[in-house]
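Residue numbers (my numbering): 1 to 220. Don't be surprised by glycine CBs; every beta carbon is placed ideally from N, CA and C. Before any comments, here is the structure.
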Ligand code: BG6
Ligand code: MG
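Below, the structure is given as structure tokens:
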């Protein structure tokens, strides 16, 4: 591996835990409009996947026929209003364990830091978590294909003009790990999912010891 110049982070489930809030917002929307209580097992299909794609997956699994794109967008916006309310009190206490140590290490070692999230709420959350100063670049997911397409990660790579071999990326979702691997980037999987395609898998970022990170960054 080459020396690493850029680290790309997913947001939801890596930097902060919002999975519960995303799914709760969908659950409330489905009860209100369709009288359906979503099965918790469906949550995994929405992880890392864009708002509209998540909605379509949930509609399909709930056997709700809805193909009016205007209505889909309108209801997805309503989910976002509920979601924004649920995360309105997120602040720096909601940063996942280990994240700050890693960000500080990367900054001190001149590794660029980017955010590669599918969430359109990412800039809002990064501001509320008081992490803005760490990020050299935040990918705008608008008009990009949803993960597992590599588009979001490649956007960050091309922004800096680097080669995917000079980049690492962190993800908690299977779709996200696939997106990283589709971009030919070294993938660090985080969390409880299996994430079998990840190059390294950790339960939590607090388990990523700095000497290990150091050897990855040096390309050893
Ligand atoms: C991802 C989440 O990070 O962002 C998904 O894992 C979510 O669950 C997606 O659907 C889009 O988020 P938002 O905030 O734009 O609705
Ligand atoms: Mg995620």
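I believe residue i touches residue j by the beta-carbon criterion, under 8 Å. Please report the beta-carbon distance rounded to the nearest angstrom.
i	j	result
residue 50	residue 122	Contact flag wrong, Cβ pair sits at about 12 Å.
residue 169	residue 136	Actually they do not touch by this definition, with Cβ atoms about 14 Å apart.
residue 219	residue 82	Between residue 82 and residue 219 the Cβ distance is about 44 Å, and since that is not below 8 Å, they are no contact.
residue 129	residue 92	6 Å
residue 86	residue 132	With 8 Å as the limit, residue 86 and residue 132 do not qualify as a contact, their Cβ atoms being about 22 Å apart.
residue 182	residue 148	6 Å
residue 171	residue 189	6 Å
Considering only the alpha carbon of each residue, which of the options lies closest to residue i?
i	options	result
residue 206	150, 178 and 101	101
residue 175	166, 203 and 145	145
residue 95	182, 167 and 11	11
residue 47	201, 84 and 192	192
residue 6	126, 110 and 69	110
residue 125	150, 84, 99 and 161	84
residue 8	201, 36 and 160	160
Roughly how many angstroms lie between the CA atoms of residue i and residue j, to the nearest whole one?
i	j	result
residue 152	residue 180	9 Å
residue 106	residue 112	7 Å
residue 74	residue 208	41 Å
residue 164	residue 2	10 Å
residue 217	residue 108	12 Å
residue 120	residue 142	8 Å
residue 211	residue 196	23 Å
residue 33	residue 99	38 Å
Under the three-state reduction of DSSP, which class applies to residue i: helix, strand or coil?
i	result
residue 59	helix
residue 78	helix
residue 32	helix
residue 137	strand
residue 16	strand
residue 106	helix
residue 193	coil
residue 90	coil
residue 209	coil
residue 112	strand
residue 180	helix
residue 185	coil
residue 49	coil
Excluding five sequence neighbours on each side, which residues of the same chain lie with their C-beta closer than 7 Å to the C-beta of residue i?
i	result
residue 66	59 and 72
residue 24	86
Which same chain residues end up closer than 6 Å to residue i when comparing Cβ atoms and leaving out the 5 residues on each side of it in sequence?
i	result
residue 139	116, 152, 155 and 156
residue 199	186 and 187
residue 19	13
residue 61	42
residue 52	76
residue 45	57
residue 30	36 and 38
Excluding sequence positions up to five away, which residues of its chain have a Cβ less than 8 Å from the Cβ of residue i?
i	result
residue 55	26, 72, 75, 76 and 79
residue 17	94 and 96
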